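Q: Here you go, one structure.
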Amino acid sequence: MTSLSFLAAADASGLWETLGQYTLIGLTNGMLFALIALGYTMVYGIIELINFAHGDVFMLGSFLALAMINVMTGRDWDWSDPQMLWLGIGLLLLVVPLFCAALNVTIDRVVYKPLRRAPKLAPLVSAIGVSFVLMNVGLLWGGAADRHFPDLISRQNLLGDDAAIGFTAKDLMVVAITVPIMAALTVFVKATRLGKAMRATAQDPVAAQLMGINIDRVIALTFALGGALAGAAAVVYGLYINTVSYQMGFQNGLYAFTAAVLGGIGNIPGAVLGGLVIGLARAFGSGYVGERWTSALVFVILIAILVFRPAGLLGARTREKV
Amino acid sequence: MSNTTAPKRFPMAWFYLALLVAYPLLVYPENALFRLTEISIGMQLTYIFIYAILALGLNVVVGYTGLLHLGIAAFFGIGAYITGILTVPAYPFQVGFIAALVLSTAGAALLGVLLGAPTLRLRGDYLAIVTLGFGEVTRFTLRNLEEITAGTRGLNPVPPPQLPGVLATPLSWLGIQPDWSLDYRLFYYLALGLLVLVVVLLTNLERSRLGRAWVAIREDELAATCMGINAARVKLSAFALGCGLAGMAGCLYATTLTSTAGPDAFDFNRSIIMLCCIILGGLGSLRGTLLGVVLLIGFDNVAAPVLDGLIQGANINPNGNPLLTFSNWKLLIFGVALIVMMRFRPEGLLPSRVVEEELVGYAPQPRGKLLRAR
Amino acid sequence: MAILKLDKLTVRFGGLTAVEGVDCAVAEKQIFSIIGPNGAGKTTVFNAITGIYEPTSGAITFEGRALERPLTWRVLAMCALVGMLTGLTAAALSVDVNALWRATIKRNYAGPGESFSSRAAVADGWSYLQGSLALDHLRGDRWAVRTADGRRTLGYAASLDEASQLRDRFNRLIALAVTPDAVREQGSKWVVVDPDSDAELASFDSAEDAQAVMDKYAAIAREPAARRRMALATLVLGIAVGAAGTWTVWHRARRTPEVISRAGIARTFQNIRLFQNMTVLENVLTGMDRHLHGGVIRMALQLPGIRRQEQKARDRAAELLEFVGLAGKATMLAKNLPYGDQRRLEIARALATSPRLVLLDEPAAGMNPAESLELNGLIKRLREQGLTVMLIEHHMKVVMGISDHIAVLEYGVKIGEGTPEQVRANPRVIAAYLGSEEVS
Amino acid sequence: MPPLLAVEDFYAGYGPIEVLKGISIEVQPGEIVALIGSNGAGKTSTLMGISGCLRPSRGRVLWQGREIQGLPAHEIVCRGICHAPEGRKIFPRLTVLENLQMGAFSRRDTKQIERDLQRSFELFPVLAQRRGQAGGTLSGGEQQMLAVARALMGRPTLLLLDEPSLGLAPLIVVKIFEVVRQLNREGMAVLLVEQAARMALKLAHRGYVMEIGRITMTDRAEALLTDKRVQDAYLGE
């Protein structure tokens, strides 16, 4: 609880090794949060809506991944063969993000789009409503209990069995999938025509319209991208954590949203940074303070940071025009 | 209904109040409804009154002052737990109900101020996430301070209030037993009485200087400060009042339930439901808030179990297929209802309108000297 | 005498200089206009005066005073109080509230019907902080010797006397555990002997056993000290953070619009900033806020005093509305007023704060000639009532017609000043404001 | 031949406040038209109405004889109307180059865009120096140049220019006006909204005077410059 457990943990296997291990766990988890947080932040950046349903899109994505794996296993897909394994994961990473993107775009079209001019809290309540609906769909699909997600990737330590720090094939998988996705997103947003249009719309929608940018299409694109990222995160999450439930969207969504706000909501690098900070906070928290205080600690850090940087870590303060 | 004018509306309010006062006294409807639904509507109404107090508190913060507060359930929980700690027999304090009520209210209000003070300069969604975070921190803290809060089990039994002796005789005339555990009506009238008190006080405040300052801050904070309004103080007062009312509701809740319930009864979902209540009803509108609570909590606590019972009773689902139980569809129906309502009434069902009609009858007449020079 | 003085006022945002070294002196009961092209920094001057922007350098004095919230003993007391509160909360959390609760409340209260002594609880709380071993009364009149946090039980005893003796023994053991060579070999046993009394405190069968147990005691011995250090550190840190934070918050709000408004300066805004969803009357009443009194409770109960005061305020609001020409529109929502009326309402709201100086930011914008003529009359009447008026305006007719004194800004710099006639004749002003002649 | 742009009896507003009360304006091909008037007269709203950011409650906007009112803004841009809005509204966190590329968003002819980019840099050399810098870090004058250059990247047939002189030093205003005149000689029509009335009328061929949502006067620019009423109200003397 206090300093004693700190010492106990340190005694077990050296102060620096423990620190390194926690850092590694924190970064890996943080990347997952970041992937989800990006969806929140991009949507917020463009239409200033906290999309409460985002976490549930993620949840449905992992259910789809689970269903697909079950079907594929039923048709004798050989997951133990590395080639087939990576091919299978590739297939999941293709289908699930597509599904989540389509779902997210549909939600925007049907629910949020008619409310663009409504009072600000109305879309928020709608988003809560969508979240409930999706959660219920998840409940009907997967049942109320936690479901086991097949343990397809080995937990063998890649650094050798008796290395002081554990870095398993699973950890590698998370890094190998999330880092390229984030890099691709960065390139897309920075360098492509549509990516620039997205940023332009987020910064000044009226001016963007005057440039001939079709805002509705940009918004749809944003929802699609956010959904696809959530889908990818869902696959990675399932393979990494191995437990899925209809309520996981809420809890992970909460952390991801916190990550987005921490980094400065609407700011894409900020979401990644926020995700990593939260991941690290959780890892160090459970390592040094105690598992049961972890969640509280994350929010205490959040509050402390926001008190001193009211617009998040990377957010810019805006001067009010008088 | 929304078009009734002021002179007509007040009799309507009195009418509803009379109905609510009379309901438990006419034993027949309660019994008939109980036979029909197997739910004590009177008891559920008691909870609706309690949630109404909670929602009114939230409405002060979100509706009047425009500060998006996503952690109101935490203050509800804090109220419940303060009451629990102060009254359960396991601890030596065992204060009376009135003292517990006052201390719960004050404690929650104080915590609200402590949370509000450093976060006053946060805007909109950032404040929302901080309050949300505070709510979660509170829940985890309640869970983790096992020695004090008994962890996930919650503190119990919370004893009922002491009934003043003078009330025993008049109550017996009305056919009410003076025993809290036997007759729900004592809690019913306690909650209703406090709710009416809160509504009256809030109505007065709404029309006072403070109420105007709240709304002015919501409408345009900068202009309000340029008019000499101390924004920090006004926002803090809204926080204190909102959180205090939540604490008061929490105290009532724990007393009615005779237990603080576990920390998870005060999670983010509860906050969200309360927020939905006030937005659905119409932000900043007392009547809207009450209506929102009746609709949403009523759906959750009354309609859903009743429908579940009906489906079971009709025996369409002999095999226990989970797809055919109502509770498995509850969230979906709830969600769709929220979406549809926001689509067609984004400003809420009974939006607040400080309209001409409310101030009808008052046409200020200028008199005397125009402008006092200084 | 100058009621308002600007002394080398400079406002910069990031790298942009909005206003540079502007000097101005506004005399009492004057109508003082600031003119200049759009973007010349006129509104920035107003914003600096009313505390919306912090001047980068330079001074603003109103009636000879800098408009800052005064530093009183209450501020310092508040800082100290908040600091103490944060410090105590942090310290309480760091000493483990759970264990403290167990040590104070649970140890002293067995259950319903039992007695509870708050003095004993406080004493136990203190000894918990000290880290002394505690005695717990168990069922069947047995006693247990436990560590201060109650987590570890060291031994049991059948009576209170025996228990205190046991405690003394453990205390000695714990004290010895941190000294080197406490365990001695004696025959086939390993024993711990009290160096003062030579009494044997404990004996073990093997050196490993002895070491393990003594290590446990050593941990117990170090724990209270560590906890005290931690508590002290968090207490000090909490006090420092709390007090410094409060001080920062207060200091940041030294020169806010609210303070300045209360000092007697009121303003209107270029892009109308009314409380759109309030009625006309309520808008004006909001302006009167600082003249109304009464605590929350009195307001919630609507005591007669409050009602009388409210009625008076309403009457005065009605006067003000009549004064600006909005009589009869008191119950309309502000957002439903036509544009010109909204401007008038802003003026009424500003007047409601009982100012001595009114800043009007383009009051005639969006008004037709007849309306702006009416406005001229209104501004003149304001002066007749004894108010000083500062004005930003583009309508030359308004400006030249009513101003006593005009200052001309261009790119944040004052390029001319004087009576309307002087300004009209100033060649620099003509070049700047009336359009550069170079474009041909 | 129909006028390039004809606004006919245009009514529009924000919420219950009607700011445009029956505006009628014509712009002929290759013409510079100035719209002058006091603050709050509705000049900016008129431009917003033309470019599709403000929906009319009544009235028509004809572009080369075809109705375009009510079309979304991005489609109007595709037809050749580019708007350099008031207050510059550049994208603060995009670079200068990206801002210019956004201006050409509605176009697909990559080579021509590249040539136009070079031309913008020739017209405003300072933008070339700062091409990699974020728009928000430019000074006011540079931002205004960027806004004009960005609008020109859309290869407009008609340029809507809102308050180009706002907050700028005279030299920069002169520079911008020179560019506008040069482009106009190459055939681009311009509808100019300007506070600095004299300057605007000197640049323009024709002018409209606006007062609280209505056009009160229209004439050749020279005639307006010498008109007594205009002089009184907007030119100072």
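Residue numbers (the working numbering), protein chains in the order written: chain A, -1 to 320; chain B, 2 to 375; chain C, 343 to 782; chain D, 410 to 646.
Cβ atoms here follow ideal geometry from the backbone N, Cα and C, with glycine treated the same way.
Values in this document were obtained by computation on a predicted structure and should not be read as measured data.
Could you tell me how far apart the beta carbons of C:Ile734 and C:Ile376 are, in whole angstroms, since I believe they sit closer than 8 Å?
A: Their Cβ separation, rounded to whole angstroms, is 5 Å, which keeps C:Ile734 and C:Ile376 in contact under 8 Å.
Q: In chain order, what residues of the same chain have a beta carbon less than 7 Å from the beta carbon of B:Gly72, not counting five sequence neighbours either side?
A: Answer for B:Gly72: Thr132, Leu133, Phe135, Gly136 and Ser272, listed in chain order.
Q: So if I threshold CB-CB distances at 8 Å, which residues from the region 194 to 209 of chain A count as touching chain D?
A: From the region 194 to 209 of chain A, only Lys194, Ala195, Arg197, Ala198, Gln201, Asp202, Val204, Ala205, Ala206, Gln207, Leu208 and Met209 have a Cβ closer than 8 Å to chain D.
Q: Applying the criterion that 16 or more other CB atoms from any shown protein chain within 10 Å of the CB defines a buried residue, is D:Lys637 buried or exposed?
A: D:Lys637 comes out exposed.
Q: Pick out whichever of C:Ala433, C:Ala445 and C:Ile602 has its Cα sitting closest to the Cα of C:Val700.
A: The residue with the shortest Cα to Cα distance from C:Val700 is C:Ile602.
Q: Counting pairs of beta carbons, one from the region 41 to 60 of chain B and one from the region 292 to 307 of chain B, are three or more of them closer than 8 Å?
A: The answer is yes - the region 292 to 307 of chain B touches the region 41 to 60 of chain B, with three or more Cβ pairs under 8 Å.
Q: Assuming D:Val470 is part of the beta strand (DSSP E), what are its boundary residues?
A: Segment Pro465 to Trp472, the beta strand (DSSP E) holding D:Val470.
Q: Can you find a CB in chain C that lies within less than 8 Å of the CB of B:Cys244?
A: Closer than 8 Å: no.
Q: Use the C-beta contact count for D:His483: other C-beta atoms within 10 angstroms, 16 or more gives buried, fewer gives exposed.
A: Buried.
Q: Quick one: what does DSSP say D:Lys452 is sitting in, helix, strand or coil?
A: Residue state, collapsed to three classes: helix.
Q: List, in chain order, every chain A residue whose beta-carbon is nearer than 9 Å to that of B:Asn60.
A: Those do not exist, as B:Asn60 stays about 12 Å from chain A at its closest Cβ, beyond 9 Å.
Q: Please give me, in chain order, every unbroken run of the alpha helix (DSSP H) with length at least 4 that falls completely inside the region 522 to 609 of chain C.
A: DSSP runs (the alpha helix (DSSP H)) wholly in the region 522 to 609 of chain C: 549 to 594 and 599 to 605.
Q: So, with DSSP's three-state summary, where would you put C:Asn513?
A: Three-state DSSP puts C:Asn513 in a helix.
Q: Terminal residues of the continuous alpha helix (DSSP H) containing C:Arg691?
A: Tyr681 to Ala694 is the span of the alpha helix (DSSP H), which, as asked, contains C:Arg691.
Q: If you follow the beta strand (DSSP E) that D:Ala617 is in, where does it begin and where does it stop?
A: For the sequence presented, residue 617 of chain D should be read as Tyr rather than Ala. Here the beta strand (DSSP E) through D:Tyr617 covers Arg615 to Glu620.
Q: For the beta strand (DSSP E) that C:Glu752 lies in, which residues bound it at each end?
A: Counting along the chain, the beta strand (DSSP E) containing C:Glu752 begins and ends at His747 to Glu752.
Q: Give every residue of the same chain whose Cβ lies closer than 7 Å to the Cβ of B:Leu351, excluding the five residues on either side of it in the sequence, and list them in chain order.
A: Hits under 7 Å: Ser3, Gly282, Gly283, Ser286, Arg288, Gly289 and Leu292.
Q: Taking CB distances under 8 Å as the criterion, tell me whether D:Leu575 reaches chain C.
A: Yes, because at least one Cβ of chain C sits closer than 8 Å to the Cβ of D:Leu575.
Q: For C:Ser399, list the residues DSSP reports as bridge partners.
A: DSSP lists C:Thr352 as partners of C:Ser399.
Q: Which residue's Cα is closest to the Cα of B:Ala192: B:Leu55, B:Leu34, B:Leu339 and B:Pro347?
A: Cα-wise, what sits closest to B:Ala192 is B:Leu55.
Q: With three or more C-beta pairs closer than 8 Å as the rule, is the region 494 to 511 of chain D touching the region 553 to 563 of chain D?
A: At 8 Å Cβ cutoff, the stretches touch.
Q: Check whether chain D comes within 8 Å of A:Ile211, counting only Cβ atoms and requiring the distance to be less than that.
A: It does: the Cβ of A:Ile211 has a partner Cβ on chain D nearer than 8 Å.
Q: Would A:Ser293 pass as an interface residue toward chain B - the criterion being a Cβ-Cβ separation below 8 Å?
A: Cβ-Cβ to chain B under 8 Å: yes for A:Ser293.
Q: Find the residues of chain A that neighbour D:Leu600, judging by a C-beta separation of less than 7 Å, and give them in chain order.
A: Result: empty, since nearest Cβ-Cβ is about 14 Å, beyond 7 Å.
Q: Buried or exposed: where does D:Ala558 fall if 16 or more other Cβ atoms within 10 Å of its Cβ makes it buried?
A: Classification for D:Ala558: buried.
Q: Taking the alpha-carbon of C:Arg658 as reference, which of C:Leu645, C:Val638 and C:Val626 has the nearest alpha-carbon?
A: Checked all of C:Leu645, C:Val638 and C:Val626; the closest Cα to C:Arg658 is C:Val626.
Q: Counting only the same chain and skipping the five closest in sequence on each side, list residues whose C-beta sits under 8 Å from that of C:Ala422.
A: Cβ within range, chain order: Ala585.
Q: Hey, how far is the Cα of D:Ser466 from the Cα of D:Val436?
A: For D:Ser466 and D:Val436, the distance between alpha carbons rounds to 22 Å.
Q: Taking the beta strand (DSSP E) that C:Ser375 falls in, what are its first and last residues?
A: Element bounds for C:Ser375: Ile373 to Ile377.
Q: Report the residues of the region 63 to 80 of chain A with a CB closer than 9 Å to any CB of chain B, ordered along the chain.
A: So the list is empty, because no residue satisfies the distance condition.
Q: Would you list the residues sitting across from D:His651 in a DSSP beta bridge?
A: Nothing can be reported for residue 651 of chain D, as the shown portion of chain D is limited to 410 through 646.
Q: Going along chain B, which residues have a C-beta under 9 Å from A:Gly127?
A: Result: Cys277, Phe335, Gly336, Val337, Ala338, Leu339, Ile340, Val341, Met342 and Met343.
Q: Verify the CB distance criterion: does C:Glu664 have a CB-CB separation below 8 Å to chain D?
A: False, the Cβ-Cβ gap to chain D never drops below 8 Å.
Q: Can you tell me the Cβ-Cβ gap for C:Ala749 and C:Lys756, rounded? I've got them flagged as a contact below 8 Å.
A: Correct: roughly 6 Å between the Cβ atoms.
Q: With distances taken from CA atoms, which of A:Val242, A:Met246, A:Pro203 and A:Gly236 is nearest A:Val172?
A: Selected option, being the one with the closest Cα: A:Gly236.
Q: Find the residues of chain A that neighbour B:Thr106, judging by a C-beta separation of less than 7 Å, and give them in chain order.
A: Residues of chain A passing the Cβ test: none, with the nearest at roughly 24 Å.
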